[in-house]
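Report on one structure; see the data block that follows.
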Amino acid sequence: PDGQASGHGHAAELASAHTTMPGMATWDEINTLAGLQGREAETYFLQLMIRHHKGGVDMATAAVQMQPSPAVERMARAMVRDQTKELGYMNLLLQQREAQALPYP
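Going by the numbering used here, 1135 is the number at position 102 of the sequence shown; the sequence numbering is gapless.
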């Protein structure tokens, strides 16, 4: 294969990886969100962000466990702390809308 075809294959792999990473919204989900309004949009946004933050907490926890440099460890621990706090608030907002979180892997 020529370089151009190979480059497109790599881009396709990256696009595929983006949609299969735990917690990441797919383009279809983002497009669905863009088409919603009001309370329905708020609810779906919260559902997507809760799932996204769960993935972020898992990733940051894994980073801490890999024994990174002190700077990266501080950042990862702060992410776990902050995103866990945000998860609590977003879950409260979702409960107020009488909705459930989306499944997470």
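The beta-carbon is built from N, C-alpha and C at its ideal position, and this holds for glycine as well.
For L1127, the nearest candidate out of M1057, A1058 and R1084 (CA to CA)
Numbered from its first residue, the sequence shown carries residue 1127 at position 94. Nearest C-alpha to L1127: R1084.
Distance CB(M1057)-CB(M1123) smaller than 8 Å: Working through the sequence shown from its first residue, we reach residue 1057 at position 24. Working through the sequence shown from its first residue, we reach residue 1123 at position 90. No. Outside cutoff.
Hey, quick one: how far does the alpha helix (DSSP H) through A1109 stretch, first residue to last? Mapped onto the sequence shown, residue 1109 falls at position 76. First-last of the alpha helix (DSSP H) with A1109: P1103 to Q1129.
- Length of the line joining the Cα atoms of M1108 and E1119: Here residue 1108 refers to the residue found at position 75 of the sequence shown. Here residue 1119 refers to the residue found at position 86 of the sequence shown. When rounded, the distance between both Cα atoms is 16 Å.
Quick check on this structure: which residue in M1054, A1111 and A1074 has the alpha carbon closest to the alpha carbon of I1063?
Taking the first residue of the sequence shown as 1, we reach residue 1063 at position 30. Ranking M1054, A1111 and A1074 by Cα distance to I1063 puts A1074 first.
Going by DSSP in three states, Y1137 sits in which element: helix, strand or coil? Along the sequence shown, one-based indexing puts residue 1137 at 104. In this structure, Y1137 counts as coil in the three-state DSSP scheme.
Subject >> Within 8 Å, strictly: CB atoms of A1097 and R1114 >> reply: By 1-based counting over the sequence shown, the position of residue 1097 is 64. By 1-based counting over the sequence shown, the position of residue 1114 is 81. Residue 1097 is actually Val in this sequence, not Ala. Contact flag unset, no.
Note to self: Quick check on the burial criterion: 16 or more other C-beta atoms within 10 angstroms. Buried or exposed for A1067?
What the structure shows: Residue 1067 sits at position 34 when you count from the first residue of the sequence shown. So A1067 counts as exposed.
Q.
I need the straight-line Cα distance from P1055 to V1105, nearest angstrom please.
A. For the purposes of this step, residue 1055 is taken as the residue at position 22 of the sequence shown. For the purposes of this step, residue 1105 is taken as the residue at position 72 of the sequence shown. Those two C-alpha atoms are separated by around 21 Å.
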